[in-house]
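Visitor:
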Amino acid sequence: MNPKTKDQGYLTFAQGEQYLQCAYLLALSVKTYCNINDFTVVTDCDVPEYMLAAFDQVMHLDTLPVFANECLAWTLTPYRETFKVESDMLITSNIDHWWAGCRLRDVTFTIKICNYRGQIVNDTKYRQMWQENQLCNAYNGFMYFRHCVETKEFFHRCRIVLDHFDMYKNKILSNCRHEYADTDVFMSIAATELGTELFSVPTLDYPTFTHMKPHINNFNTDDWRDSVHWALTDDMIFCVNGYAQTRPFHYYHKDFCTQELIERYERL
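Numbering (numbering that gives the first Met the number 0), first residue to last: 0 to 267.
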């Protein structure tokens with residue numbers, strides 16, 4: 000286990016060069032908007048020198064089976080309190096105040112997500128298995144955890160679920176539509192087993208994020224860029240169809256992370 004030498008910071012996993020580029024853009028956006036902005040990337044790639052100005056810590060990890068590395072977040076983070084964020088996210092405003100609310104739980108998930116208009120959405124299209132099995136509606140895209148025994152137990156339970164997912168799929172879950180357990184699946188199962196109420200703060204509207212999957216936004220196309228336009232203003236306001244984005248933005252399509260967009264953030 001890495002020593003927890005820092006108070007707060009962001010952690011992301013970047014397996015493969017494309018995800019590393021996304022992680023770099025994420026780190027730049029954190030530095031742009033947030034005062035609490037220490038950033039750690041865990042990767043299996045060589046990190047170019049120019050990225051080191053945005054990454055405060057780089058941790059190298061051998062390539063693991065898909066999603067297995069996420070179970071190591073509690074072990075690897077250098078922080079006493081961690082925002083774990085998926086690499087294909089963009090921070091769009093100062094969210095430093097989220098730390099105060101999220102620490103009301105040892106682990107705090109995004110439970111409700113928003114469309115680009117800022118509306119909380121019905122995610123049933125993508126979450127039928129969750130509803131049918133009364134699972135914790137956990138999104139790991141943006142989550143918080145602190146360094147404590149309870150968090151250690153949660154991530155240990157995640158590993159158990161991941162390692163025994165065939166049993167869950169074939170004998171426990173009703174109408175399981177997943178051949179393998181992605182991060183949202185095994186974390187939701189682990190949270191349900193430990194007690195759903197322990198993993199969110201119902202009175203808060205955060206953590207959350209804007210998800211650009213088509214059904215969440217009533218798009219007719221898979222690629223949201225074919226349905227709406229976006230812009231980044233000179234004063235770094237990120238807009239989609241004229242709506243200023245203030246929540247973490249899950250752009251979903253990795254090729255959104257272009258060199259041109261990266262350079263906009265590098266100039267700051």
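Even glycine gets a Cβ: it sits at the ideal position worked out from N, Cα and C. Bear in mind the structure is a predicted one, so any value in this text is a computation, not a measurement.
Do you know offhand how far LYS253's Cα is from PHE12's?
Guide: The straight-line gap from Cα to Cα measures roughly 14 Å.
Visitor: Does DSSP classify LYS111 as helix, strand or coil?
Guide: Looking at LYS111 - three-state DSSP - the assignment turns out to be coil, as it is neither helix nor strand.
Visitor: Buried or exposed, going by whether 16 or more other CB atoms sit within 10 Å of the CB of VAL148?
Guide: Exposed.
Visitor: For ARG145, list the residues DSSP reports as bridge partners.
Guide: Bridge partners of ARG145: GLU80.
Visitor: Once DSSP output is grouped into helix, strand and coil, what is the label at ASP6?
Guide: ASP6 falls in the strand class under three-state DSSP.
Visitor: Tell me whether SER187 is buried or exposed, calling it buried when 16 or more other Cβ atoms sit within 10 Å of its Cβ.
Guide: Buried, by the Cβ-count rule.
Visitor: For PHE141, which residues in the same chain have their Cβ closer than 6 Å to its Cβ, ignoring the five residues on either side in sequence?
Guide: Result list for PHE141: VAL84, THR109, PRO206, PHE208, PRO247, in chain order.
Visitor: Smallest Cα separation from ALA26: which of ASP122, GLU196, VAL57?
Guide: The shortest Cα separation from ALA26 among ASP122, GLU196, VAL57 belongs to VAL57.
Visitor: Please specify which runs of the beta strand (DSSP E), each continuous and at least 3 residues long, are wholly inside the segment 188-253, giving them in chain order.
Guide: With a minimum length of 3 residues, the continuous beta strand (DSSP E) runs that stay inside the segment 188-253 are 229-231, 237-239.
Visitor: In this structure, how does DSSP classify ASN132 when only helix, strand and coil are distinguished?
Guide: Correct three-state label for ASN132: coil.
Visitor: For ALA13, write down the residues that DSSP places opposite it in a beta bridge.
Guide: THR42.
Visitor: Under the three-state reduction of DSSP, which class applies to ILE119: helix, strand or coil?
Guide: Three-state result, ILE119: strand.
Visitor: Is VAL29 helix, strand or coil when you go by DSSP?
Guide: Three-state result, VAL29: helix.
Visitor: Alpha carbon to alpha carbon, what distance is there between ASN1 and ASN219?
Guide: If you take the alpha carbons of ASN219 and ASN1, they lie about 45 Å apart.
Visitor: Could you have a look at VAL160 and say whether DSSP puts it in helix, strand or coil?
Guide: Note: VAL160 maps to helix in three-state DSSP.
Visitor: What residue range is occupied by the uninterrupted alpha helix (DSSP H) comprising ALA67?
Guide: No alpha helix (DSSP H) contains ALA67, which DSSP labels as neither H nor E.
Visitor: Which partner residues does HIS59 have in the DSSP bridge list?
Guide: Answer is THR42, bridged to HIS59.
Visitor: Are the beta-carbon atoms belonging to LEU134 and THR62 less than 8 Å from one another?
Guide: No, the pair does not count as a contact, with Cβ atoms beyond the cut-off.
Visitor: Return the CA-CA distance between CYS21 and MET166, expressed in angstroms with no decimal places.
Guide: Between CYS21 and MET166, the C-alpha separation is close to 34 Å.
Visitor: Helix, strand or coil: how does DSSP classify MET166 here?
Guide: It is helical.
Visitor: Count the other C-beta atoms from every protein chain shown that fall within 10 angstroms of the C-beta of ASN136, then say buried if there are 16 or more, exposed otherwise.
Guide: ASN136 is buried by the Cβ-count criterion.
Visitor: Hey, how far is the Cα of VAL40 from the Cα of CYS175?
Guide: Using only the alpha carbons, I get a separation of about 32 Å.
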